[in-house]
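Undergrad: Before we start, here is the structure in question, set down as structure tokens.
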Amino acid sequence: MARSKEFEVNEVLDKAMKIFWEQGYEKTSMSDLVEHMGIHRRSIYDTFDDKHSLFLQAMDRYNGKVSNTLLAEIKASKTAVEALHKIFEVMISEAEDTPSGCLIVNSAVELGPRDTEVDSRSLESFNVAERMFEQIIEWGQRDGEFSSTQDAKEMAEYLHNTSVGIRAMARTSMDKEKLNRIIHISMKLLEK
Numbered sequence: 005m006a007r008s009k010e011f012e013v014n015e016v017l018d019k020a021m022k023i024f025w026e027q028g029y030e031k032t033s034m035s036d037l038v039e040h041m042g043i044h045r046r047s048i049y050d051t052f053d054d055k056h057s058l059f060l061q062a063m064d065r066y067n068g069k070v071s072n073t074l075l076a077e078i079k080a081s082k083t084a085v086e087a088l089h090k091i092f093e094v095m096i097s098e099a100e101d102t103p104s105g106c107l108i109v110n111s112a113v114e115l116g117p118r119d120t121e122v123d124s125r126s127l128e129s130f131n132v133a134e135r136m137f138e139q140i141i142e143w144g145q146r147d148g149e150f151s152s153t154q155d156a157k158e159m160a161e162y163l164h165n166t167s168v169g170i171r172a173m174a175r176t177s178m179d180k181e182k183l184n185r186i187i188h189i190s191m192k193l194l195e196k
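Set out below in structure tokens:
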């Protein structure tokens, strides 16, 4: 008779996501995963197949959580300017129980050049972010908050590039005031 799982998959996946986010894929050993996830090695293999599959599922989980957070911030915003400020604030603020930076950016840098699945997931995440920025810019252009002389798609690509840099710098001990200045300058480029 098969034993039932004695853990909730999303809870242990969140723990794996956090350790991969803190240490990266290569530095995270199976022993680290066993310790941080609080389940046996055999359960990891039975549930997630292998370390690489677990990592990909952790990336997907991270993407889903970040997307939900950003969409909630956008929906709660009354203006496009407010939506952009909230998005950038999420990117530079550190939740008490999460590592700094961005798991997707970290993974793209660490593994993207040699892991097609990580590269594919990273690029898809980047494309989704650019579309989100483009929609907000178009909203701001329609409402007269942003200049219509700039192409929304091109500005979205620029803002996404800025956000990737900000998330990478947030991983360091960079002064948050400097990150806020970068955001301020980027926002000024959209103004009328």
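Numbering (my numbering), first residue to last: 5 to 196.
Yeah, the Cβ is synthetic: ideal placement off N, Cα and C, and Gly gets one too.
#1: Provide the residue(s) that pair with Glu-195 in DSSP beta bridges, ordered along the chain.
#2: Tell me whether Val-109 counts as near the ligand FAD, meaning its Cβ is closer than 6 angstroms to at least one heavy atom of that ligand.
#3: So Met-95 packs on Arg-171, CB below 8 angstroms; how close in whole Å?
#4: Quick one: Cα of Glu-12 to Cα of Ser-81, how far?
#5: What is the residue span of the alpha helix (DSSP H) that Tyr-66 lies within?
#6: Go ahead and pull the three-state DSSP assignment for Asp-123.
#7: By alpha-carbon positions, which one of Gly-169, Glu-149, Glu-158 and His-44 ends up nearest to Lys-192?
#8: When you compare the CB positions of Glu-142 and Ala-133, do they come within less than 7 angstroms of one another, or not?
#9: Just checking, does the region 120-129 make contact with the region 61-78 on the three C-beta pairs under 8 angstroms criterion?
#10: Taking three-plus beta-carbon pairs below 8 angstroms as touching, is the region 170-184 in contact with the region 118-126?
#11: In terms of alpha-carbon separation, which member of Val-109, Lys-79, Tyr-66 and Asp-147 lies closest to Glu-15?
#12: Which same chain residues end up closer than 7 angstroms to Glu-26 when comparing Cβ atoms and leaving out the 5 residues on each side of it in sequence?
TA: Per the coordinate set shown:
#1: Under the DSSP definition of a beta bridge, Glu-195 partners with Phe-150.
#2: Annotation note on the ligand FAD: not contained in the displayed structure, which lists no ligands.
#3: About 5 angstroms separates the two Cβ atoms, so the contact holds.
#4: About 34 angstroms.
#5: Where Tyr-66 is concerned, the enclosing alpha helix (DSSP H) stretches over 55-80.
#6: Collapsing the DSSP output to three states places Asp-123 in a helix.
#7: Distances from the CA of Lys-192 to each of Gly-169, Glu-149, Glu-158 and His-44 were compared; the closest alpha carbon is that of Glu-149.
#8: Not a contact, by the Cβ cut-off of 7 angstroms.
#9: By the criterion of at least three beta-carbon pairs nearer than 8 angstroms, the region 120-129 is in contact with the region 61-78.
#10: By the Cβ test, the region 170-184 is not in contact with the region 118-126, since fewer than three Cβ pairs between them sit closer than 8 angstroms.
#11: Checking every option, the nearest Cα to that of Glu-15 belongs to Tyr-66.
#12: Excluding positions up to five away in sequence, the list reads Pro-103.
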